[in-house]
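Chemist:
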Amino acid sequence: MGTATVPAGRRPAGVVPARRRPVRPGRSPSARREARWAYLFLAPWLVGFLAFQAGPMIASAWLSLTEYDVINEPRFTGLDNYRQLTSDPQVARSLGNTVLYTLLHVPLVMVLSLGLALLLHRVGRFQGFFRTVFYLPVMTPAVAVGILFLLLLNTQDGLVNRGLALVGVDGPSWTTDPDWILPGIVLMSLWSLGSTVIIYLAALQNVPRDLYEAASIDGAGRWARFRTVTLPMISGALFFTLVVNTIASLQMFTEVYTMYFGNRETQNRFNSDAATFYVIHLFQEAFQFLHMGFASAMAWLLFVIILLITLVQMKLGNRFVYYEGDDR
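Mapping the sequence shown onto this note's numbering, position 297 (from 1) lands on 1614, and the numbers just tick up by one.
1. Could you check what DSSP says for R1636 in three-state terms: helix, strand or coil?
2. Could you name the residues that DSSP lists as bridge partners for F1393?
3. In this structure, does DSSP put A1537 in helix, strand or coil?
4. So, are the CB atoms of A1616 and L1633 less than 8 Å apart?
5. Looking at C-alpha atoms only, which residue of L1607, Y1639, F1594 is the closest neighbour of R1410?
6. Hey, A1554 and Y1529: beta-carbon distance below 8 Å or not?
7. Anyone know if the C-beta pair for L1429 and L1507 falls short of 8 Å?
8. So, with DSSP's three-state summary, where would you put G1463?
9. Should V1629 go down as buried or exposed, given a rule of 16 or more other Cβ atoms within 10 Å for buried?
10. For E1572, which residues in the same chain have their Cβ closer than 7 Å to its Cβ, ignoring the five residues on either side in sequence?
11. Within 10 angstroms of its Cβ, does E1351 collect 16 or more other Cβ (buried), or is it exposed?
12. Using a 10 Å radius around the Cβ and a threshold of 16 neighbouring Cβ atoms, would you call V1514 buried or exposed?
13. Tell me whether the region 1382-1394 and the region 1605-1613 touch, counting them as touching only if at least three CB pairs, one residue from each stretch, are closer than 8 Å.
14. What is the rounded straight-line gap between the Cα of L1483 and the Cα of V1477?
15. Using a 10 Å radius around the Cβ and a threshold of 16 neighbouring Cβ atoms, would you call A1614 buried or exposed?
16. Examine the Cβ distances between the region 1520-1534 and the region 1430-1447 and report whether three or more of them are shorter than 8 Å.
17. Cα separation between G1319 and R1349?
18. From T1547 to G1579, what does the alpha carbon distance come to, in whole angstroms?
19. Which residues in the same chain have their Cβ closer than 6 Å to the Cβ of V1364, if we skip the five residues on either side of it in sequence?
20. Using CA atoms only, rank isn't needed, just tell me which of T1558, L1396, N1389 is closest to P1378.
21. What residue ranges within the region 1427-1482 form continuous alpha helix (DSSP H) runs of no fewer than 4 residues, ordered along the chain?
22. Run the CB neighbour count on S1566, radius 10 Å, all protein chains shown included, and call it buried at 16 or more, exposed below.
23. So T1493 and G1501 are supposed to be a Cβ contact under 8 Å. How far apart are they, rounded?
24. May I have the straight-line CA-CA distance separating I1654 from D1405, to the nearest angstrom?
25. Are the CB atoms of M1427 and T1558 nearer to each other than 8 Å?
Listed below in structure tokens is the structure:
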């Protein structure tokens, strides 16, 4: 029999081509050297993260399942601490104070900061000076702020009530009346709005002037330009400060603790229940009553609350926030 001839470019019948192994290009010596340097520079952060963040979080998660008073060995109790969270009235009261403070503080800071940023945007040559003036209070230590406002909000001799008296208003008892303690704390928190003002000012300076000119040509007034041009273009900054200020408000501690819990005399003189925020109660459970397991459960509850609120904000932010280069 003769040998069959296979046309050029075709494989014989029944012959399966060998699978070629994909060629993986090796990393060049320079790339490997850069990777080693990257890991070397990241090492301090990684060590710090494991030692001061990941490690304590894992330890806190374990302690939240135990009864631990620092002196004796932890005793495993399961979910008892979390069950106690749902029945402790002080936890509910402190969480309610914290949430109410957040609902008052965050919108007020954002609105006032935006108004001040709009004014600074029109100042001109003195803008740098006023930026510094507004930001300086942010550098004030939180303990000093607490002591300062304890004096300013004093019922008899406080500067705030003296100023109200000049216009014929009888100032309230900011530090003793339970109905006015929380508004007084919100008033104190406005001291540090300078950082939010600077963020909004930077965002306003990045809004293209062409958009305002186009809106003016279309007949848009000042309010229409603010609503249709300014707000959408700075929505990223607004969203950022909303998230950051919400997280900070839910963890409010130092200033309030200094004012109302700094010493036993102050704590007995003022109504401290209205000023008991969640983190303050957590601190007391951990370091005053040595209920470390219960305090760890409180910390994880706060972590979950902040996580859920942030996730909701992120979900809503994707709908309303404009990002440069976004085609939506």
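No residue lacks a Cβ here, since even glycine has one placed at the ideal position from N, Cα and C. Values in this document were obtained by computation on a predicted structure and should not be read as measured data.
Modeler: The answer reads as follows:
1. Position 319 of the sequence shown, counted from the first residue, corresponds to residue 1636. Reduced to three states, the DSSP call for R1636 is helix.
2. The sequence position of residue 1393 within the sequence shown is 76, counting from 1. T1383, per the DSSP bridge assignment.
3. Position 220 of the sequence shown, counted from the start, is the residue given in the question as residue 1537. Coil.
4. Against the sequence shown, residue 1616 aligns to sequence position 299. Against the sequence shown, residue 1633 aligns to sequence position 316. Contact: no.
5. Working through the sequence shown from its first residue, we reach residue 1410 at position 93. It is F1594.
6. Residue mapping note: residue 1554 aligns to position 237 of the sequence shown, counting from 1. Residue mapping note: residue 1529 aligns to position 212 of the sequence shown, counting from 1. Against a cut-off of 8 Å, the Cβ pair of Y1529 and A1554 comes out as no contact.
7. For the purposes of this step, residue 1429 is identified with residue 112 of the sequence shown, where counting begins at 1. For the purposes of this step, residue 1507 is identified with residue 190 of the sequence shown, where counting begins at 1. The answer is yes: Cβ separation under 8 Å.
8. As a position in the sequence shown, residue 1463 is number 146, starting the count at 1. It is helical.
9. Your numbering for residue 1629 matches position 312 in the sequence shown. Result: exposed.
10. Taking the first residue of the sequence shown as position 1, residue 1572 is located at position 255. Cβ within range, chain order: A1459, V1462, G1463, M1505.
11. Residue 1351 sits at position 34 when you count from the first residue of the sequence shown. It is exposed - the Cβ of E1351 has fewer than 16 other Cβ atoms within 10 Å.
12. As a first step, residue 1514 must be located in the sequence shown, where it is residue number 197. Under this definition V1514 is a buried residue.
13. yes
14. For this step, residue 1483 is matched to residue 166 along the sequence shown. For this step, residue 1477 is matched to residue 160 along the sequence shown. One C-alpha to the other measures close to 10 Å.
15. Translated into positions along the sequence shown, residue 1614 becomes position 297. When all chains shown are included, A1614 counts as buried.
16. yes
17. Counting from one through the sequence shown, the residue named residue 1319 turns up at place 2. Counting from one through the sequence shown, the residue named residue 1349 turns up at place 32. Note that G1319 scores 49 on pLDDT, short of 50, meaning its location in the model is unreliable; the coordinates nonetheless yield the value given after this. Taking the straight line from one Cα to the other gives about 59 Å.
18. For this step, residue 1547 is matched to residue 230 along the sequence shown. For this step, residue 1579 is matched to residue 262 along the sequence shown. The alpha-carbon atoms of T1547 and G1579 are separated by roughly 44 Å.
19. Residue numbering aside, residue 1364 sits at position 47 when the sequence shown is read from its first letter. Taken in chain order, the list of residues that qualify is empty.
20. For the purposes of this step, residue 1378 is taken as the residue at position 61 of the sequence shown. The question names Pro, yet the displayed sequence has Ala at residue 1378. If we check each option's Cα against that of A1378, L1396 comes out closest.
21. 1444-1452, 1459-1469
22. Locating residue 1566 in the sequence shown gives position 249, counting from the first residue. Counting Cβ neighbours within 10 Å, S1566 comes out buried, since at least 16 surround it.
23. Here residue 1493 refers to the residue found at position 176 when the sequence shown is read from its first residue. Here residue 1501 refers to the residue found at position 184 when the sequence shown is read from its first residue. With 8 Å as the limit, T1493 and G1501 do not qualify as a contact, their Cβ atoms being about 10 Å apart.
24. In the structure displayed, the chain extends from 1318 to 1645; residue 1654 sits before or after that span and is not available.
25. Numbered from its first residue, the sequence shown carries residue 1427 at position 110. Numbered from its first residue, the sequence shown carries residue 1558 at position 241. Yes, these two residues count as a Cβ contact at 8 Å.
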